[in-house]
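Following numbering that gives the first Met the number 0, the numbering of the sequence shown begins with 0 at its first residue and continues without gaps.
For every residue, glycine included, the Cβ atom is placed at its ideal position computed from N, Cα and C.
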Amino acid sequence: MSISDSGDVQWWRPHASCAGVEILHVDLSPNESHDQAALAWLDCTEYQRWQRFRVERARRQFSRCRAALRMCLCERLGCRNDRLAFGAGKYGKPFAMIDGRASEAAFNVSHSHEHGLIAFGTDGVRLGVDVETRRARDTLRLASESVFGKCERDALAGLSGWDWYVLFFRLWTVKEALIKALGTGFSLNPRKFEVPQGVLEGDSSSRFRFPHLPDNQWLVADLGDRRFAASLALETEADDDAKPEITFPLHEDTPRFIA
């Protein structure tokens, strides 16, 4: 199957690019034609997994993100869909396989409510992406005590109302993207590290090192807009301190800034 076989039905488009990483936005809003086109791309194992989801939103998130990932990887890797499969690392991070052999293709996927993001990087690079739809929930204030360190909690303590939630989700997506990039899942307690100071000060990107891995440097970048909070984490060279440019394609219907 090729992309042209989807009948020109496409539910994703470019969202941003940063430091050689391309990020796509996946539309997860209800749309029956998109759902039918996506299902046609799933293999038998994925279709069975899709059937096990009992909540319609979860079904849509899985099928649309996985189908978009398949289409893009087939195009990037020059392979047919039936040659592509996915495995998972020790902590569940997926990787691509072609004809049963692991590929070096670098990608990561995240979704929240009606929005998905897929990041593609240079082969072999470690990266992670996270997207979160901002919602005001009292339970998040309690959760902040268990996932954030002292400086992060102090920054939140100085805010109130909607501003508090905006920072909460910004901090959370950075932490989640870093954990996903590292590939260890939540075996790493998010309170064991804090986001870079630049993130707390509102910088669009910053450099980071995990306390327990001081030799490895990471870039974190803010990919959010008025619809959602989002962050990218990317492993970089230890001596690379250049400030990357984050570019967003111009779409008339895409609100870029938080009101």
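Per DSSP, the beta bridge partners of Trp11 are Val25.
In the structure shown, the three-state DSSP call for His110 is strand. Contact between Val130 and Ser111 holds: their C-beta atoms lie close to 5 Å from each other, under 8 Å. With respect to the C-alpha of Glu234, the residue from Cys150, Ser203, Val128 having the closest C-alpha is Val128. Inclusion of Leu116 and Met96 in the CB contact set at 9 Å is not warranted, their separation being larger than that value. Ala37 and Leu218 do not touch by the CB rule: their CB atoms are close to 31 Å apart, not below 8 Å.
Straight across, the Cα-Cα distance linking Phe119 with Gly148 is about 30 Å.
Contact between the stretch 48–65 and the stretch 230–244 is absent, with fewer than three C-beta pairs closer than 8 Å. When C-alpha distances from Ser203 are compared across Trp11, Ala15, Gln9, the shortest belongs to Ala15. Restricting attention to Phe192, Leu212, Gly223, the CA atom closest to the CA of Leu166 is found in Gly223. Distance check between Lys191 and each of Val198, Arg79, Glu200, Glu175 places Glu175 closest, using alpha-carbon atoms only. Under DSSP, the beta-bridge partners assigned to Ile97 are Leu83, Arg100.
Assignment of Phe168 by DSSP, reduced to helix, strand and coil, places it in the helix class. Counting C-beta atoms within 10 angstroms of its own C-beta, Asn107 has 16 or more neighbours from the protein chains shown and is therefore classed as buried. Cβ-Cβ distances below 6 Å link Phe209 to Phe192 in the same chain, with the five nearest sequence neighbours on each side left out; the list follows chain order. For Ser159, the secondary structure class from DSSP, reduced to helix, strand or coil, is coil. Short of 6 Å from the beta carbon of Val194, and not among the five residues preceding or following it, lie these beta carbons of its own chain, in chain order: Leu170, Val173. In the structure shown, Val124 adopts coil according to DSSP, grouped into three states. CA-to-CA, the gap between His211 and Val198 works out to about 20 Å.
Phe168 places its beta carbon less than 9 Å from that of Ala228. Going by beta carbons, Leu27 and Cys71 fall outside the 9 Å limit. With a beta-carbon spacing of about 14 Å, Ser143 and Arg133 fall beyond the 8 Å limit used to define contacts. When Ala104, Asp34, Gly157 are compared, the shortest CA-CA separation from Ala66 is found for Asp34.
Scanning the stretch 182–228 for uninterrupted beta strand (DSSP E) segments of 3 residues or longer gives 204–207, 216–221, listed from N- to C-terminal end. By a beta-carbon distance limit of 8 Å, Val25 does not contact Trp40. Their separation comes to about 13 Å.
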